[in-house]
Amino acid sequence: MAKSLEEQGRSRARIFDTLAGIALTVGAIVFVVDLFIGRTGFDFGYVGAEVPGFLAATQLTFYVTTLAYFGGMGIGFVVGWARTARTVPVGKILRDRTALLSEDTSRWEAGLETGRLVLWSGLKYYIRRIADGYVEIMRGTPVFVQIVFAWSVLLVNYPRLDRMELIAGIVALTANTGAYQGEIFRAGLQTVHSGQVEAARAIGLSRWGAMRHVVLPQALRLIIPPLTNEYIGLLKVSSLLVVIGIQELTGYGRSEAFRSFKVFEVFAMVTGIYLLITVPLSKVIQLIEMRYRIPGLGIQATGPESRV
Amino acid sequence: MIRVEGIHKHFGPLHVLRGITFEVPRGEALVIIGPSGSGKSTLLRCINLLVEPDEGKVFIDGVQVNRQDIRPEWARQQVGMVFQSFNLFTHLTVLENVALGPIRVKGVAREVAEEKAKQLLARVGLAAKALSYPAELSGGQQQRVAIARALAMDPKAILFDEPTSALDPEYIREVLDVMAALAQDGMTMVVVTHEMGFASNVAERILFMDAGVIVEEGRPEEIFGNPKHERTRAFVSKILR
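Here is the structure:
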């Protein structure tokens, strides 16, 4: 079967595109490699010998990231839940309330009832506002500043604290990821249809029972992909801890580079290790997403938000 | 069995219920009709306290339930509810949907609850679907599961909020048949519906609501055949056509 002239032309153009693409990529890599190690060559011996040191630094990166991540998950759940609360300002409740009190309740009862209502909704209102503010502040400021701030606070107030940098770093990252995870939880909880809560309450489940047995199991399925993305994002952000002198992967790499002057080898290792962690993790997300999808429901798994 | 006295409900500036009083004796099937926005759904939700009435009293089995010293959860266990959009728990199988309430609310052992759930599913003709997920069922099947879920709590009465309005026409029959069988068995029911066939064949009494008040009540043949109020007549003529 002879192809039409037009089709032949198109497939020839496609082959040309592919070849040109490969040539450009290879050329670019060769150029960059030559720029860095053209004169010295890549020192495989150095890389082989230094692997244990880099692995220890990777461990520290994992340690910091994982601690902050799960601490942030606790904060995130509470903050996310608080931000789904519908609240009414206390003033409005008082105004509505006086209009609604029926005449046969005694004044004492009415006062008690109103007091209880004001206390509860006032509490709800302020918790909601605090959660809002927390998320705005954490997402609205650079994580770099947060890290330096936490570190400075400890440095000035507790100068004799043991492992101060580590504590400051973990605190800053926890607070930061808490806000981002709070947004993930909020989105997840709000995506679960309100009818589900209504049905759960209608069979007699309490507020917390409905959350635990109906809303959370559905929300968690939806937010596992964005939550995993957040772990990847946090792992990358943890490289900023270099600024307060923590010897995690990036910090260790910097010290090594200046000690051995094998800059290219060192950063090939550092970037390689980051990629070895992040790329498989994002593949895992895709698998999880396919495995747990509830038909017709889903939050788009987007890349981790940039926050530097 | 169910009695409401002088119920008022406001949503912001909207006065949705303006003093509703009625009673449903044990074993009666009561149907509420009325134009949309007349407060029918809100009234149902006031009975099981999914919506808290601003004013007035709700009695279930002689006990006032909208009181400070009674947990609304307790009231909701006494009265089942079936929703327009089914609201089955999407992450649970049909069997788990039915058994969840008894297990988590009443503390019934899992095996016992699931055994009973199977019987209830058989009663609504869905024993074979016990291990399916809601998304795998037709609308009619989902609504029958929802009825089984309400029955699983051994309620004293069941509230139906337009149970067939979200269904494709071919599935309406099967749901109405289950409801008619329930009424036959003596279940106390309050049904908001636009199914006039059901209303005239199954209901013992019909309430017509408009703009937050009960305009007229009576036996089906009175409401449909000889309505007294102008508003009832206008509504009935529109839906009977």
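Sequence lines, in order, name chains A and B.
With the first letter of the first sequence counted as 1, position 184 gets the number 184 in our numbering; the numbers rise by one all the way through.
Going from the second sequence to our numbering is simple: count from 1 and add 1000.
Positions of the beta carbon are idealized from the N, C-alpha and C atoms, including for glycine.
None of the values given here were measured: they were computed from a predicted structure.
Closest by C-alpha distance to residue i, when choosing among the options
| i | options | result |
| --- | --- | --- |
| B:A1135 | B:N1087, B:P1072, B:G1125, B:I1158 | B:N1087 |
| B:T1021 | B:G1225, B:G1037, B:L1043 | B:L1043 |
| B:F1011 | B:R1026, B:D1054, B:S1036 | B:D1054 |
| B:V1192 | B:Q1184, B:G1225, B:S1165 | B:S1165 |
| B:P1169 | B:Q1184, B:L1030, B:G1140, B:L1017 | B:G1140 |
| B:Q1119 | B:S1138, B:S1132, B:R1149 | B:R1149 |
| A:T278 | A:V148, A:V135, A:T58, A:G45 | A:T58 |
| B:F1083 | B:E1195, B:Q1142, B:P1220, B:A1211 | B:Q1142 |
| A:G253 | A:V51, A:Q181, A:E113, A:F144 | A:V51 |
| B:V1202 | B:A1211, B:V1178, B:P1155 | B:V1178 |
| A:A200 | B:A1146, B:H1015, B:I1223 | B:A1146 |
Whole-angstrom distance between residue j and residue i, CA atom to CA atom
| i | j | result |
| --- | --- | --- |
| B:G1019 | A:R128 | 34 Å |
| A:G298 | A:A219 | Because A:G298 carries a pLDDT of 44, less than 50, the predicted location of this residue cannot be relied on, and the following value inherits that uncertainty. Distance between the alpha carbons of A:G298 and A:A219 is about 9 Å. |
| A:G111 | A:V118 | 10 Å |
| A:G303 | A:N176 | Here A:G303 scores only 45 on pLDDT, less than 50, and its place in the model is too uncertain to base an answer on. |
| B:A1113 | A:R207 | 22 Å |
| A:G296 | A:T191 | Note that A:G296 scores a pLDDT of 44, beneath 50, so its modelled location is shaky and nothing firm can be said. |
| A:S238 | A:A150 | 14 Å |
| A:M269 | A:V47 | 8 Å |
| B:T1232 | B:N1226 | 10 Å |
| A:I232 | B:R1173 | 52 Å |
| A:T174 | B:I1060 | 50 Å |
| A:S4 | A:T25 | 32 Å |
| A:R14 | A:A28 | 21 Å |
| B:G1080 | B:I1047 | 10 Å |
| A:A301 | A:L275 | Unreliable placement is indicated for A:A301, whose pLDDT of 42 sits below 50; the coordinate value is still reported in the next sentence. Approximately 19 Å, taken between the alpha carbons. |
| B:R1123 | B:A1199 | 22 Å |
| B:A1099 | B:R1144 | 14 Å |
| A:V79 | B:M1209 | 42 Å |
| B:G1186 | A:G74 | 49 Å |
| B:H1194 | B:E1221 | 16 Å |
| B:S1038 | B:H1229 | 16 Å |
| B:F1160 | A:L60 | 58 Å |
| A:T66 | B:R1067 | 48 Å |
| B:K1057 | B:V1051 | 13 Å |
| A:K124 | A:L205 | 21 Å |
| A:Y292 | A:L222 | 8 Å |
| B:S1036 | B:G1027 | 27 Å |
Endpoints, alpha helix (DSSP H) assigned at residue i
| i | result |
| --- | --- |
| A:T250 | 249-260 |
| A:L166 | 164-191 |
| A:A268 | 263-292 |
| B:M1153 | Unbroken run through B:M1153: none, as it is neither H nor E. |
| B:T1232 | 1230-1240 |
| A:M73 | 44-82 |
| B:D1069 | No alpha helix (DSSP H) contains B:D1069, which DSSP labels as neither H nor E. |
| A:A110 | 107-140 |
| A:E198 | 194-202 |
| A:Y158 | That residue, A:Y158, is in no alpha helix (DSSP H); it is neither H nor E in DSSP. |
| A:R207 | 207-210 |
| A:G233 | 216-237 |
| B:L1043 | 1040-1047 |
Interface partners of residue i on chain B, CB under 7 Å
| i | result |
| --- | --- |
| A:P217 | H1091 |
| A:G195 | F1083, S1085, N1087 |
| A:V148 | Chain B residues near A:V148: none, gap ~43 Å exceeds 7 Å. |
| A:V214 | F1089 |
Chain A contact residues for residue i, given Cβ-Cβ distances below 9 Å
| i | result |
| --- | --- |
| B:M1179 | Those do not exist, as B:M1179 stays about 17 Å from chain A at its closest Cβ, beyond 9 Å. |
| B:M1001 | By Cβ distance, chain A contributes nothing, its closest Cβ being about 18 Å from B:M1001, past 9 Å. |
Contacts of residue i in chain B (Cβ-Cβ under 9 Å)
| i | result |
| --- | --- |
| A:L205 | E1073, R1076, L1100, G1101, R1104, V1105 |
| A:E198 | R1045, L1050, M1081, F1083, N1087 |
| A:G358 | Lying before the first or after the last residue shown, residue 358 of chain A is absent from chain A, which here runs from 1 to 308. |
Start and end residues, beta strand (DSSP E) containing residue i
| i | result |
| --- | --- |
| B:T1021 | 1014-1024 |
| B:I1033 | 1029-1033 |
| B:I1007 | 1002-1011 |
| B:D1210 | 1205-1210 |
| A:F24 | Residue identity differs from the one stated: residue 24 of chain A is Leu in this sequence, not Phe. Looking at the DSSP string, A:L24 is not in any beta strand (DSSP E); the run it does join, the alpha helix (DSSP H), is 5-37. |
| B:V1213 | 1213-1218 |
| B:D1185 | Counting along the chain, B:D1185 falls outside any beta strand (DSSP E), and DSSP gives it neither H nor E. |
| B:V1082 | 1079-1082 |
| B:V1058 | 1055-1060 |
| B:N1160 | In the sequence as displayed, the identity of residue 1160 of chain B is Phe instead of Asn. B:F1160 -> beta strand (DSSP E) spans 1157-1161. |
Residue i: contacting residues in chain A (beta-carbon distance under 8 Å)
| i | result |
| --- | --- |
| B:Q1064 | Within 8 Å Cβ-Cβ: nothing; B:Q1064 doesn't reach chain A, min ~12 Å. |
| B:M1153 | I203, G204 |
Interface partners of residue i on chain B, CB under 8 Å
| i | result |
| --- | --- |
| A:R221 | H1091 |
| A:E113 | Q1068 |
### Task
Taking a Cβ distance cut-off of 9 Å, strictly less, list which residues of the region 1119-1150 of chain B are near chain A, in chain order.
For the region 1119-1150 of chain B, which is checked against every Cβ of chain A, the residues closer than 9 Å are Y1133, A1135, E1136, A1146, R1149, A1150.
ask   = When you check each C-beta in the region 129-140 of chain A against every C-beta of chain B, which residues fall closer than 7 Å?
value = Residues: none.
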